[in-house]
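K.L.:
Going down the list, the sequences are from chains A and B. 149 is the number that the working numbering gives to position 148 of the first sequence; each next residue is one higher, with no gaps. 427 is the number that the working numbering gives to position 433 of the second sequence; each next residue is one higher, with no gaps. Note that CB positions come from ideal geometry on N, CA and C, so glycine has one too. Below is a structure I'd like to ask you about.
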Amino acid sequence: MECVVQGIIETQHVEALEILLQGLCGVHKQSLRIHELCLKSVPNLGLVASGIRLLCDLEQPQPTWTVRHVGGPMRGAGAERISVLMRPMVESKVSKNALRLLLGYKLDHEQLRVGFAFHFRRGTQITVTVSSINKILKLHATDEAVPVTPGIQLVEVTAPASSENYAEVVASVSSFCEYIALAWQDGVMAVPQ
Amino acid sequence: MEGVVVGQDQQQQQQQQQQQAGRVMVEGLNPAVQQQLNLESVKTRAVSLFKAISRILEEFDAIARTNALPKWQDILGQFSMVNLELYNIVEDIKKVSKAFVVHPKNVNAENAAILPVMLSSKLLPEMEVEDNVKREQLLHSMQNLSVASQIEKLKVRIDMIGAACESAEKVIADTRKAYFGTRQGPTLLPTIDKAQAAKIQEQENLLRTAVNLGEGLRIPGDQRHITSGLPGHLVDVLAVADGPQSFADSSGTYLKNTPPFSSSNVNSQGALLQVSGALRAAASPSGTTSFDTTTASPLQHVNSPRSSANMMNTPSPQQQTHQQQQQQQQQQQQQQQLQQLQQRQKMMQLPQHQQQLLAQQQLRQASIPGLGQLHGQPQMQFSQPLGAQQFQGRQLASGALHHGMGQSQLNQGNQLNRHLNQFSSPMNTALFNSAQSTPTSQMISNMSAMMPSQTLLPRMQIGMSGGTRNLAAANLSDQMFNMGGNNPGMMSIQQQQQQQHGTFANMSQNTQNLQQGMMPLQNTPQQTHPSFQQQRPQGQQ
């Protein structure tokens, strides 16, 4: 499972946010350039349709592939009490042949994420990602990707969780998000505009 | 002994006074202080006190040497005299000595040793070195000048620094005022007017749907060809020579047969299940419409429940391109079969995806993205179960609509769909739509492709779809029955199914029959889409 909070930020403020996050997290940013292929299962593969995502990390000298399955959001009374989104998520590293081996899946859509991420510990392992989502106009042409929304980038705060400890994870993620929000407000206020 | 210490202190004081007196030659004690201090008298008194203390010390020595008992009373008397004398001297000195004399209040064994160091005005050696270094730096440039000019330059420097500090403080104070002033105001952030906020909100929704659902990122089928060179990380991954089921070709297959289901429609399997159940109940083969087995296969209708949602989502240009492409391929049976299979797959994929979406979205009646693409038709919720009555109504209408078959595709399809909107069963609508459009194998193949996606629907075989595959199209048969055989292909299926009491468990028997009929149906999925869309909302009423 993972705990996810998604937000947006205007592109003009991304640099300031990066500096703020660097101060809050205490680590250096990691650049991000991920080609994400979203596959959907073919018919007759199972009782229900499923989708998985293949992530290719293009930032490394050798592209590394990850397969990831994301489920629907947690629902119910427990979910209503928390202010963040919990959803099942399974991830694994794979070889580049994963694409070929996933016979039962076909490409549904693909996107390119470019940005940076901070990985740190604050009660639990938290990852903050600020990235611009680019759509790939021609099949697999990652070099010609254009942002879906040029003026806005996506901010994601994620933390892995399990069903036993998700309460703590939720608490630390939501407190960190509030922390960022407050610090961001202060930063915005302090800078004479 | 205290007296000794006092004596030492007095000596220190005297020394200091003497030192200062030594410097008097340069500085000179204040004459008033001099007068007040009355150095001479203080000096004599201190000396006499010193003598008295030394006399006491000698006496103690003598007693210690002779081991005689000291006469305590005498000694105490002498001590008290010494004490008194000291007190008087200290009092006199206190009045004038604040400027240049420091004397400890309480001297005891602890601090007796450190007192000289603490009282000394000379810096510690390290501190002295530092001091010298800094002085050196400061006066380095001015050593050649006179002292007065040096002093002036230093003063100028000090003034400049002072001014800079003041301005910095001012800036900080102003900012702080502004900060605290506005912080307590109603708006903490820079105000954004409503138009901007709305725009931002819209952009945010775009972004979120793109990230989470892939909206706006799907490439239409006709553009899913690898035109330019593959990026490095995909070069050896994607084998271009793969068959139609290859990763890259999936889009190609879409081009040929299936309408683009990219904008997945919310399709609930649950609804379809119920629909299929109802359909089965109401399914009475309305074989009134005569259709050629060679033409549109019943699979078109079969696919419609699922594909209806899908078709509704497909934008019209895509439909048109599909039409054209499908027409081109009608002449190649093998390719058609393949395409049908792929269509089915695609159809199944999308409905499943849509079903997932629906489940996740809790069956909202909100507008479904992509549906709007189709002629602006109202979007529907496909999750509502259909009553048997609806099916029956459909069957009746199907007969009436049968005439509409084969006519102009989209418009008439839409009109018919409006009539059919009363039927909430997506399957029925799909069948109708497919029937309304010119029967082509593509329709049937599409339908068949759509049907298999509803794998949960029991006893629906997709053998009809495309005629080449026995997909578990759950509601194929039911749908086809409801549609009343709008398509020639459908009719044939229905006729065949009639023998099976409405349970189409043996669709495979029909597949062979329908294969031919399905072939030409490849071009009609687009036509069915608008009709599906229309049918659904009304049907759910």
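#1: Assign Pro110 of chain B to buried or exposed, taking buried as 16 or more other Cβ atoms, counted over all protein chains shown, within 10 Å of its Cβ.
#2: Using 8 angstroms for Cβ pairs, my map puts Ala99 of chain A next to Trp66 of chain A. What's the rounded Cβ distance?
#3: Can you give the Cα-Cα distance for Glu157 of chain A and Val150 of chain B, rounded to whole angstroms?
#4: For Asn212 of chain A, does the three-state DSSP call read helix, strand or coil?
#5: Starting from Gln217 of chain B, find everything on chain A with Cβ-Cβ shorter than 9 angstroms and list it in chain order.
#6: Could you name the residues of chain A that Ile220 of chain B contacts, counting a contact when the two beta carbons are closer than 7 angstroms?
#7: If you compare alpha carbons, which of B:Pro214, B:Gln67, B:Phe73 is closest to Ile558 of chain B?
#8: Output, in chain order, the set of chain A residues within a Cβ distance shorter than 7 angstroms of Glu198 of chain B.
#9: Hey, how far is the Cα of Leu132 of chain B from the Cα of Lys116 of chain B?
#10: Going along the segment 54 to 72 of chain A in order, which residues come within less than 7 angstroms of chain B, judged by CB to CB distance?
#11: Return no unless some Cβ of chain A is closer than 7 angstroms to the Cβ of His134 of chain B.
#12: Hey, would you say His36 of chain A sits closer than 7 angstroms to Ile53 of chain A, going by beta carbons?
#13: Apart from the five residues just before and just after His110 of chain A, which ones in its own chain have a Cβ nearer than 6 angstroms to its Cβ?
#14: Just verifying my parser: in three-state terms, what is the DSSP assignment at Leu63 of chain B?
#15: Based on Cα-Cα distance, which residue from A:Gly77, A:Asn135, A:Ser51, A:Ile137 lies nearest to Lys107 of chain A?
#16: Grab me the residues of Gly8 of chain A's own chain with a C-beta within less than 6 angstroms of its C-beta, minus the 5 sequence neighbours each way, in chain order.
#17: Thinking C-beta only, is Val170 of chain A closer than 7 angstroms to Cys4 of chain A?
#18: Could you compute how far the alpha carbon of Gly116 of chain A sits from the alpha carbon of Ser42 of chain A?
#19: Suppose contacts are defined by Cβ-Cβ distances below 7 angstroms. Is Gln154 of chain A in contact with Val174 of chain A by that definition?
#20: Quick one: using the 10 Å Cβ neighbour count with 16 as the cut-off for buried, is Gln112 of chain A buried or exposed?
#21: Would a C-beta distance cut-off of 7 angstroms place Ala118 of chain A and Gln31 of chain A closer than the cut-off?
#22: DSSP state of Gly105 of chain A, grouped into three classes?
#23: Between the C-alpha atoms of Asn166 of chain A and Met121 of chain B, what's the straight-line distance to the nearest angstrom?
#24: Please state whether the Cβ-Cβ distance between Asn135 of chain A and Pro151 of chain A is less than 7 angstroms.
#25: Quick one: Cα of Arg101 of chain A to Cα of Gly24 of chain A, how far?
#26: Let's test the definition: count the other Cβ atoms within 10 Å of the Cβ of Thr159 of chain A and tell me whether it reaches 16, buried, or not, exposed.
#27: Considering Cα atoms alone, identify which of B:Glu160, B:Asp55, B:Asp86, B:Leu78 is closest to Leu33 of chain B.
#28: Could you tell me whether the Cβ atoms of His141 of chain A and Leu228 of chain B are closer together than 7 angstroms?
#29: At the 7 angstroms Cβ level, is Cys39 of chain A part of the contact set with chain B, yes or no?
#30: Please classify Pro74 of chain A as buried or exposed, where buried requires at least 16 neighbouring CB atoms within 10 angstroms.
#31: Return the chain-ordered ranges of every alpha helix (DSSP H) run that is complete within the segment 68 to 99 of chain A and spans a minimum of 4 residues.
#32: Please list the residues of the segment 143 to 172 of chain B that have a C-beta atom closer than 9 angstroms to any C-beta atom in chain A, keeping them in chain order.
#33: Counting only beta-carbon separations shorter than 7 angstroms, does Ile181 of chain A have a partner in chain B?
#34: How long is the line joining the alpha carbons of Glu11 of chain A and Glu124 of chain B, rounded to whole angstroms?
#35: CB-CB under 7 angstroms to Val127 of chain B, same chain, minus the five flanking residues each way: which ones, in chain order?
#36: Below 8 angstroms on C-beta distance, what does Lys97 of chain A contact in chain B?
P.N.:
Put simply:
#1: exposed
#2: Right, the Cβ-Cβ distance comes to about 6 angstroms (below 8 angstroms), so this counts as a contact.
#3: 55 angstroms
#4: The requested residue 212 of chain A is not part of the displayed model; chain A covers only 2 to 194.
#5: Leu138, Lys139, Leu140
#6: Those within 7 angstroms of Ile220 of chain B in chain A are Leu140, His141.
#7: Because residue 558 of chain B is not part of the residues shown, which for chain B are -5 to 535, the question remains open.
#8: Correct list: Ile9, Ile153.
#9: 21 angstroms
#10: Cys57, Leu59, Pro64
#11: Not closer than 7 angstroms to any Cβ of chain A, the Cβ of His134 of chain B fails to qualify, so no.
#12: no
#13: Cys39
#14: coil
#15: With distances taken between Cα atoms, Lys107 of chain A lies closest to A:Ser51.
#16: Val156
#17: yes
#18: 29 angstroms
#19: no
#20: buried
#21: yes
#22: coil
#23: 58 angstroms
#24: Not closer than 7 angstroms, so no.
#25: Rounded to the nearest angstrom, the two C-alpha atoms are 42 angstroms apart.
#26: buried
#27: B:Asp86
#28: The answer is yes: Cβ separation under 7 angstroms.
#29: yes
#30: exposed
#31: 78 to 82
#32: Thr169, Ala172
#33: no
#34: 53 angstroms
#35: none
#36: His227, Asp230, Val231
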